[in-house]
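Asker:
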Amino acid sequence: MTAAAAENWEVRPAPRGGEKTCLLVSAKQPVSDGYQMVEAQIVVDKGAVVVSSDSVLDPGFEDIGLAIARHPFIPADQVRDRKQAVFEKQYAKIVQLFKDGRDVRVQLRFWPTWPATGAHSVSFSLMGFTKAYGEAVKCE
1153 MTAAAAENWE VRPAPRGGEK TCLLVSAKQP VSDGYQMVEA QIVVDKGAVV
1203 VSSDSVLDPG FEDIGLAIAR HPFIPADQVR DRKQAVFEKQ YAKIVQLFKD
1253 GRDVRVQLRF WPTWPATGAH SVSFSLMGFT KAYGEAVKCE
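Under the numbering used here, the first residue of the sequence shown is numbered 1153, with each subsequent residue one higher.
1) Looking at the unbroken alpha helix (DSSP H) that takes in valine 1289, where does it start and where does it end?
2) Out of curiosity, what's the CA-to-CA distance linking lysine 1283 and asparagine 1160?
3) Give me, in chain order, the residues of the same chain whose beta-carbon lies closer than 8 angstroms to that of glutamine 1181; leave out the 5 immediate sequence neighbours on both sides.
4) Which value, in whole angstroms, describes the spacing of the CA atoms of valine 1256 and aspartate 1229?
5) Tell me the DSSP secondary structure of valine 1264 in three-state form.
6) Name the two residues that bound the continuous beta strand (DSSP E) containing valine 1231.
7) Just how far apart, CA to CA, sit serine 1178 and leucine 1278?
8) Out of Val1201, Phe1213 and Lys1172, which has the shortest C-alpha to C-alpha gap to threonine 1265?
9) Flag this pair as touching only if the region 1182-1189 and the region 1236-1248 have three or more C-beta atom pairs under 8 angstroms; answer yes or no.
Here it is as structure tokens:
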């Protein structure tokens, strides 16, 4: 894996209920939440793609999601713990698009109880994802 690709994705152990698994974690990227700059990050496990943020997400407009290349926008299935956009229903499709793509654009919306500041986008490089995903799947 090239140095740049290794900087984009990291395999981390994540013990879960006696079963040792690994997470695939993207490099953090800055994004405006409408009031300040915060960081967002993508975490991939064996069944979900999760975009986490430092700020509270606003699911009320149903426009939180991601897009890869010219493929249609994929909306998040749910917001969990107020700061995580979760993608489970189309997990296999998203992972394949990540393997085939160069970057992913994530669209987030923040602060449901504050005046709306609109949707905010952040891009993540997918370089190195395929190799790192293979390593994460084999993690023991």
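Where is the CB? At the ideal position from N, CA and C, for every residue including glycine.
Answerer: So, from the listed chains and residues:
1) What you label residue 1289 is simply residue 137 of the sequence shown in a count that begins at 1. For valine 1289, the enclosing alpha helix (DSSP H) stretches over residues 1281-1289.
2) Stepping through the sequence shown from its first residue, residue 1283 is reached at position 131. Stepping through the sequence shown from its first residue, residue 1160 is reached at position 8. Those two C-alpha atoms are separated by around 11 angstroms.
3) Taking the first residue of the sequence shown as 1, we reach residue 1181 at position 29. Excluding sequence neighbours, glutamine 1181 sits near Glu1191, Ala1192, Gln1193, Val1274, Ser1275 and Phe1276.
4) As a first step, residue 1256 must be located in the sequence shown, where it is residue number 104. As a first step, residue 1229 must be located in the sequence shown, where it is residue number 77. Answer to the nearest angstrom: the Cα atoms are 17 angstroms apart.
5) Here residue 1264 refers to the residue found at position 112 when the sequence shown is read from its first residue. Here residue 1264 is proline; the residue named in the question, valine, does not match the sequence. Three-state result, proline 1264: coil.
6) As a position in the sequence shown, residue 1231 is number 79, starting the count at 1. Counting along the chain, the beta strand (DSSP E) containing valine 1231 begins and ends at 1230-1232.
7) Counting from one through the sequence shown, the residue named residue 1178 turns up at place 26. Counting from one through the sequence shown, the residue named residue 1278 turns up at place 126. Approximately 9 angstroms, taken between the alpha carbons.
8) What you label residue 1265 is simply residue 113 of the sequence shown in a count that begins at 1. Per the Cα distances, Phe1213.
9) no
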